[in-house]
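All you need for our numbering is the position in the sequence shown, starting with 1, plus 10.
Each residue gets a CB set at the ideal place from its N, CA and C atoms; glycine is no exception.
These figures come from a predicted structure and were not determined experimentally.
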Amino acid sequence: MVERTVTIVFFVFAVMAGVVSWFYVLAHDSRVVAEAANRAKSRYVTGLSHELRTPLNAVLGYVQLLERDETIPAPRHQAIKAIRRSAEHLSGLIDGLLDISKIEAGKLQVYSNEINIHDFLDQIVDMFRPQALAKGLAFEHSRAPSLPRHVRTDEKRLRQILINLISNALKFTDSGRIRFDVAYRSQVATITIADTGRGISQKDLPRIFDPFQRGEAEHQGRMPGLGLGLTITRLLTQTLGGEIAVASTKGEGTIFTVRLMLSEVSRPQGPMEPSRRIRGYEGPRRRIMVVDDNEDHRKLMRETLAPLGFDVIAIERGGECLSQIETARPDLFLVDISMPGMSGWELVEQLRQARQTAPIVMLSANVGDGSRQHTESGHDDTLAKPFDLGQLYDKLAFHLGLQWRVAGDAGQAEKPEATHRIALPASAHVAELIRLGEIGYIRGIEAKLTEIDAASHPPRQCRDGNG
Numbered sequence: 011m012v013e014r015t016v017t018i019v020f021f022v023f024a025v026m027a028g029v030v031s032w033f034y035v036l037a038h039d040s041r042v043v044a045e046a047a048n049r050a051k052s053r054y055v056t057g058l059s060h061e062l063r064t065p066l067n068a069v070l071g072y073v074q075l076l077e078r079d080e081t082i083p084a085p086r087h088q089a090i091k092a093i094r095r096s097a098e099h100l101s102g103l104i105d106g107l108l109d110i111s112k113i114e115a116g117k118l119q120v121y122s123n124e125i126n127i128h129d130f131l132d133q134i135v136d137m138f139r140p141q142a143l144a145k146g147l148a149f150e151h152s153r154a155p156s157l158p159r160h161v162r163t164d165e166k167r168l169r170q171i172l173i174n175l176i177s178n179a180l181k182f183t184d185s186g187r188i189r190f191d192v193a194y195r196s197q198v199a200t201i202t203i204a205d206t207g208r209g210i211s212q213k214d215l216p217r218i219f220d221p222f223q224r225g226e227a228e229h230q231g232r233m234p235g236l237g238l239g240l241t242i243t244r245l246l247t248q249t250l251g252g253e254i255a256v257a258s259t260k261g262e263g264t265i266f267t268v269r270l271m272l273s274e275v276s277r278p279q280g281p282m283e284p285s286r287r288i289r290g291y292e293g294p295r296r297r298i299m300v301v302d303d304n305e306d307h308r309k310l311m312r313e314t315l316a317p318l319g320f321d322v323i324a325i326e327r328g329g330e331c332l333s334q335i336e337t338a339r340p341d342l343f344l345v346d347i348s349m350p351g352m353s354g355w356e357l358v359e360q361l362r363q364a365r366q367t368a369p370i371v372m373l374s375a376n377v378g379d380g381s382r383q384h385t386e387s388g389h390d391d392t393l394a395k396p397f398d399l400g401q402l403y404d405k406l407a408f409h410l411g412l413q414w415r416v417a418g419d420a421g422q423a424e425k426p427e428a429t430h431r432i433a434l435p436a437s438a439h440v441a442e443l444i445r446l447g448e449i450g451y452i453r454g455i456e457a458k459l460t461e462i463d464a465a466s467h468p469p470r471q472c473r474d475g476n477g
């Protein structure tokens, strides 16, 4: 009897062990499948991002050139600004899709910038008021008198939050009004977006922030969208340390409330750089080699940089770049990362092996490229497409040691040389001096210092678009 009992106990334990093992294998297989699906999703989103960002960069680039064109009649500038805002809106939507994966992976970067919050809110209102009026809706906006002029926050993420919420209100409101209010107290902003739209049923409210969830109103009206806008909005709000709440009555409307810390900046740094109108730069003519397989982007770079006095060489393939570097001797490279044949990373390695010391700025329409470990490849900087021209100008000024000529300061170049600012050598020159010092090549150091000195004391002339 005892032996039989022991046998039964062992049998039961064996069965239980088998079941546990089976569940373990099943769970392991499920996890492997889920991880594979997640990797496939990331590859798809990354590839889709590249395909969308490349043409969008050309649109934004040319719009910014048109904004700087003083020959265009003033009434047309409003239309140009509308195109730019719409393109930036599209760029924000693309970023939003990618942000979900980044937040899930804990890789979303948040930047605290100083912004003029009143100008920022004016841009949001100017973007949506015409759309509301086109639907026959009233668009009302108010902000607290206590709201400071300058605050510190992540401008890009805050813009995404507001665009998502106001777009949602516009989509589901057929009559009445949309109200956008900003209250401010104790460094905390309370942002309210209220509409008189269709509202959300009590059944849908608990899952309104879940991904790919679409309420009855969306299904019945066949509204466009993937059901990700509110998911992204909540994730971004939480990432910024804030909170979001919703109240709604079906058939009467919806109110979204966002509370965020917007710290006041007591001593603002002054006007933002992108608003300046650059005419050219001081010193000798600089040569920039652009390597990009996209023809529109090559043309954009040429039409952006050539009027400022740069000698621009635009090349389609990495191999062609390598064959021309000895004769061209560029002062800086702008290299696209994703190119057929030789990639941008491979080209950088080849350039450094060929002892090219000029700064290299990588251009990427693929957000996934930024996460790769390519610090050993020797590039100096990166710029994500689509980019603001002000960002490009800042990169060029930093790596080439440029002093820009800005509209309204034409006489600045005629100042006596005694008052000329001392220009720091470019990062490529510093790197070359360090390399020569490490190998003890004294004559090489002397020659390099002579070259730097000659470049920092050019003839009294200025490069600009007029010769």
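Status (buried if at least 16 other CB within 10 Å, exposed otherwise) for residue i
i: A148; result: exposed
i: Q74; result: buried
i: I444; result: exposed
i: T243; result: buried
i: L272; result: buried
i: A457; result: exposed
i: T460; result: exposed
i: S276; result: exposed
i: T337; result: exposed
i: L143; result: exposed
i: V120; result: exposed
i: E292; result: buried
i: T429; result: Summary for T429: the model assigns pLDDT 35, below 50, so the residue's position carries little reliability; its value from the coordinates is reported in the next sentence. With fewer than 16 other Cβ atoms within 10 Å, it is exposed.
i: Q170; result: buried
i: A213; result: Residue 213 is actually Lys in this sequence, not Ala. K213 should be labelled exposed.
i: I462; result: buried
i: R308; result: buried
i: S333; result: exposed
i: G196; result: Note on residue identity: the sequence assigns Ser, not Gly, to residue 196. Label assigned to S196: exposed.
i: A227; result: Confidence at A227 is low in this model, with a pLDDT of 48, below 50, so the placement of that residue is unreliable and no value is reported for it.
i: Y72; result: buried
Candidates the options: closest to residue i by CA position
i: T200; options: E253, H160, E165 and D164; result: E253
i: S211; options: F190, Q248, I176 and S258; result: S258
i: P369; options: F343, L393 and G351; result: F343
i: C331; options: L357, G351 and H151; result: L357
i: T163; options: N178, L143 and F130; result: F130
i: Q141; options: N67, R277, N178 and S152; result: N178
i: F320; options: S96, L412, A394 and P83; result: L412
i: D398; options: D136, H409, M349 and L310; result: L310
i: I104; options: W414, M352, G388 and N67; result: N67
i: E150; options: S353, F138 and E98; result: F138
i: R339; options: L361, G261, W355 and M349; result: L361
i: L215; options: V256, G400, R208 and L406; result: V256
i: Y194; options: L157, T392 and K213; result: L157
i: Q88; options: E98, D136, P65 and G71; result: D136
i: S152; options: S333, I218, F190 and L373; result: F190
i: L118; options: Y72, R86, T247 and D220; result: T247
i: L270; options: F408, E165, I218 and L373; result: E165
i: L373; options: I188, T392 and G388; result: T392
i: G388; options: H409, R187, A84 and E359; result: E359
i: L315; options: L406, G239 and D132; result: L406
Within 8 Å, strictly: CB atoms of residue i and residue j
i: S396; j: S185; result: One detail in the question is off: residue 396 reads as Pro in this sequence, not Ser. No, these two residues do not count as a Cβ contact at 8 Å.
i: D346; j: V416; result: no
i: A159; j: H128; result: Here residue 159 turns out to be Arg, not Ala, going by the sequence shown. Yes, the pair counts as a contact, with Cβ atoms nearer than the cut-off.
i: D205; j: T183; result: yes
i: E326; j: D303; result: yes
i: L175; j: I203; result: yes
i: L172; j: K145; result: no
i: D341; j: V371; result: no
i: G261; j: R208; result: yes
i: G329; j: M349; result: no
i: L5; j: A97; result: With the chain covering only 11 through 477, there is no way to say anything about residue 5.
i: G290; j: L318; result: yes
Supposed close pair residue i, residue j - CB separation, criterion 8 Å
i: L250; j: R167; result: 6 Å
i: I335; j: Q366; result: 6 Å
i: A154; j: V192; result: 6 Å
i: I323; j: Y403; result: About 19 Å separates the two Cβ atoms, so there is no contact after all.
Cβ-heavy atom distance, residue i to the ligand HEM, below 7 Å
i: S374; result: The model on display carries no ligand, and the ligand HEM is accordingly not part of it.
**Item:** Validate contact between the region 69-79 and the region 116-125 using beta carbons, cut 8 Å, 3 pairs
**Value:** The region 69-79 vs the region 116-125: no contact.
**Asked** Would the region 288-302 and the region 256-275 be scored as touching if the rule is three or more Cβ pairs under 8 Å?
**Response** Because the criterion of three Cβ pairs below 8 Å is not met, the region 288-302 and the region 256-275 do not touch.
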